[in-house]
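Trainee: Residue numbers (the working numbering): 1 to 485.
Quick reminder that beta carbons are idealized off the backbone N, C-alpha and C, glycines included.
Structure (structure tokens):
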């Protein structure tokens with residue numbers, strides 16, 4: 001039996017993030033995703049003779065933003081190059097990319113491993129390039145080509161081979177996706193391919209410093225598939241070495257249905273692409289003024305926002321991490337806190353009730369029917385004793401249908417909390433008189449019966465009795481009965 005513990009995996013990721021510019025990187029065609037094939041095209045992105053590319057300024061700014069957010073050096077001068085290869089979905093026969101002079105380099109991201117250790121993952125480079133088209137192999141023996149994606153702007157974020165497990169690779173990928181979504185430069189949709197990665201995987205015996213032969217994994221459209229594919233490839237390579245065979249440098253295609261990777265082609269080296277400077281584009285010069293203006297557009301990033309939430313709202317770190325996973329959720333929570341000072345109650349409601357419904361309804365946070373202000377108003381009704389937490393959930397259900405004002409819902413449905421101690425006392429006396437057996441259990445020291453009486457009172461009041469007053473008054477009533485006995 002193979003002892004995999006003697007081996008160490010070495011993993012690096014090449015992540016492509018499709019930028020949310022309105023048009024493509026070198027022409028005015030729409031860059032939006034569409035299911036209709038071959039409609040967002042023009043002579044420029046199809047590479048017709050005599051056409052000239054014009055660089056999209058916003059794409060450069062988006063690259064600067066992700067470079068800054070990942071602690072990279074933003075180079076004042078960068079150069080576009082032609083990457084030459086022949087593939088059916090690449091009409092020009094080359095891709096405009098960057099090679100030896102990228103826009104950003106020498107950065108890092110920090111992740112937390114499963115044992116809680118903070119790991120720094122180096123980022124070699126971030127460069128701009130145009131996307132290729134898409135080959136569709138699901139029609140029998142024919143291949144269809146959709147060139148809509150040709151020319152859509154990408155940033156390629158290339159990590160150092162610093163990850164040592166599939167779990168670390170997923171953690172790095174998730175943090176990178178969170179960043180591009182926070183920055184508003186990419187929607188992070190892995191299923192549609194607007195955020196995707198290739199994984200370079202090799203293994204070596206623990207303690208060795210030299211790298212083993214690497215393979216490249218492609219076609220992974222979810223975090224789960226990334227983890228499965230990397231673990232599969234690690235096991236496959238260990239098996240080869242244990243059998244006395246060699247790992248061949250090649251590109252592997254992940255098949256999610258079979259949960260296996262299969263050879264696609266031999267892995268290319270840089271010289272195979274015959275890079276040379278793109279003759280139709282000038283070098284990109286980023287002045288300090290332009291750099292400062294672009295950096296000033298960067299919003300508060302997740303780590304900083306999480307720390308601020310903990311300090312300002314005095315909520316647990318776990319709550320802050322959940323609330324800042326998405327910029328939209330963090331914005332929603334912060335707007336709720338404008339209405340109420342019980343920040344912990346606000347975080348509980350957003351994490352449990354709001355996010356629970358967002359997932360159930362499969363809707364976007366920005367389209368959630370209950371506005372932050374309305375949720376804040378609902379929480380104020382709980383905090384000031386107007387309604388109970390149980391009734392609040394009933395009101396919340398009403399609000400989900402049309403986003404109505406919680407105060408109006410409470411009034412129209414007669415849901416005001418009963419806080420009159422005299423009225424509550426009468427209810428308790430009635431319940432106690434109807435349950436002599438449970439009263440006797442209380443006399444015998446069985447305090448758990450208190451919960452029974454509270455439940456009966458709340459049911460009798462339709463959930464409207466103030467729980468605190470119920471508990472206080474119930475103890476008084478039971479003590480009185482005990483003294484009489």
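Cβ atoms of residue 69 and residue 126: under 8 Å apart, would you say?
Mentor: no
Trainee: Just to confirm, is the Cβ distance from residue 152 to residue 24 under 8 Å?
Mentor: yes
Trainee: Exposed or buried, what is residue 443 when buried is set at 16 or more other beta-carbons lying within 10 Å of its beta-carbon?
Mentor: exposed
Trainee: Does residue 99 pass the burial test, meaning 16 or more other C-beta atoms within 10 Å, or should it be called exposed?
Mentor: buried
Trainee: I think residue 284 touches residue 74, with their Cβ atoms under 8 Å apart; what is that distance to the nearest whole Å?
Mentor: Here residue 284 is actually not in contact with residue 74; their C-beta atoms are around 11 Å apart, not less than 8 Å.
Trainee: Given that a residue counts as buried once 16 or more other Cβ atoms are within 10 Å of its Cβ, and exposed if not, what is residue 136?
Mentor: exposed
Trainee: Just the Cα atoms here: how many angstroms apart are residue 463 and residue 295?
Mentor: 53 Å
Trainee: Got a sec, what are the start and stop residues for the alpha helix (DSSP H) residue 98 sits in?
Mentor: DSSP places residue 98 in no alpha helix (DSSP H) but in the uninterrupted beta strand (DSSP E) bounded by 94-98.
Trainee: With three or more beta-carbon pairs closer than 8 Å as the criterion, would you say the region 75-83 touches the region 276-290?
Mentor: yes
Trainee: How should residue 1 be labelled, buried or exposed, when 16 other C-beta atoms within 10 angstroms of its C-beta is the threshold for buried?
Mentor: Note that residue 1 scores 41 on pLDDT, short of 50, meaning its location in the model is unreliable; the coordinates nonetheless yield the value given after this. The residue is exposed, with fewer than 16 neighbouring Cβ atoms inside 10 Å.
Trainee: What residues match up with residue 107 in a beta bridge as DSSP calls it?
Mentor: 123
Trainee: Between 476, 187 and 214, which has its C-alpha nearest residue 19's C-alpha?
Mentor: 187
Trainee: If distances are taken between C-alpha atoms only, which option among 428, 358, 458 and 108 comes closest to residue 388?
Mentor: 458
Trainee: To which residues does DSSP link residue 260 through a beta bridge?
Mentor: Beta-bridge partners of residue 260 (DSSP): 255.
Trainee: Express the C-alpha separation of residue 367 and residue 375 in angstroms, rounding to a whole number.
Mentor: Spanning the alpha carbons of residue 375 and residue 367 requires a straight line of approximately 14 Å.
Trainee: Identify every run of the alpha helix (DSSP H) within the region 131-205, keeping only runs that are complete inside it and at least 4 residues long; order them along the chain.
Mentor: 166-183
Trainee: Residue 146 and residue 37 - do their beta-carbons sit closer together than 8 Å?
Mentor: yes
Trainee: Which partner residues does residue 16 have in the DSSP bridge list?
Mentor: 156 and 196
Trainee: How long is the line joining the alpha carbons of residue 239 and residue 174, rounded to whole angstroms?
Mentor: Distance between residue 239 and residue 174, taken at the CA atoms: about 29 Å.
Trainee: My parser needs the alpha helix (DSSP H) runs of 4 or more residues fully inside the region 384-436; what are they?
Mentor: 389-402, 406-412 and 421-434
Trainee: Short of 6 Å in beta carbon distance, which residues of its chain neighbour residue 481, apart from the five on each side in sequence? Order them along the chain.
Mentor: none
Trainee: Which complete beta strand (DSSP E) runs does the region 47-92 hold, if anything under 3 residues is left out?
Mentor: 80-84
Trainee: Could you give the first and the last residue of the continuous alpha helix (DSSP H) run that contains residue 321?
Mentor: 317-323
Trainee: Excluding the 5 residues preceding and the 5 following residue 315 in the sequence, name in chain order all residues of the same chain whose CB lies nearer than 7 Å to its CB.
Mentor: 309, 343, 344 and 347
Trainee: Could you say which of 206, 184 and 257 lies nearest to residue 7 if we only look at CA atoms?
Mentor: 206
Trainee: Return the chain-ordered ranges of every alpha helix (DSSP H) run that is complete within the region 309-380 and spans a minimum of 4 residues.
Mentor: 317-323, 327-336, 343-348 and 355-361
Trainee: Near residue 428, what residues of its chain come up, given a Cβ to Cβ distance below 8 Å and the 5 sequence neighbours on each side ignored?
Mentor: 453, 457, 470, 473, 474 and 477
Trainee: If I measure Cβ to Cβ from residue 90 and keep anything under 6 Å in the same chain, skipping five residues before and after, which residues do I get?
Mentor: Within the same chain, residue 90 has close Cβ partners 132.
Trainee: Report the CB separation of residue 264 from residue 218 in whole angstroms; it is logged as a contact under 8 Å.
Mentor: 7 Å
Trainee: Taking residue 503 as the reference, give the member of 115, 13 and 241 with the closest Cα.
Mentor: For residue 503 there is no data in the structure shown, the boundaries of the chain being 1 and 485.
Trainee: Please state the DSSP three-state secondary structure of residue 37.
Mentor: coil
Trainee: Taking the C-alpha atoms as reference points, what is the distance between residue 408 and residue 397?
Mentor: 14 Å
Trainee: Taking the CB atoms as reference points, tell me whether residue 122 and residue 162 lie closer together than 8 Å.
Mentor: yes
Trainee: Exposed or buried, what is residue 262 when buried is set at 16 or more other beta-carbons lying within 10 Å of its beta-carbon?
Mentor: exposed
Trainee: Between the C-alpha atoms of residue 400 and residue 335, what's the straight-line distance to the nearest angstrom?
Mentor: 18 Å
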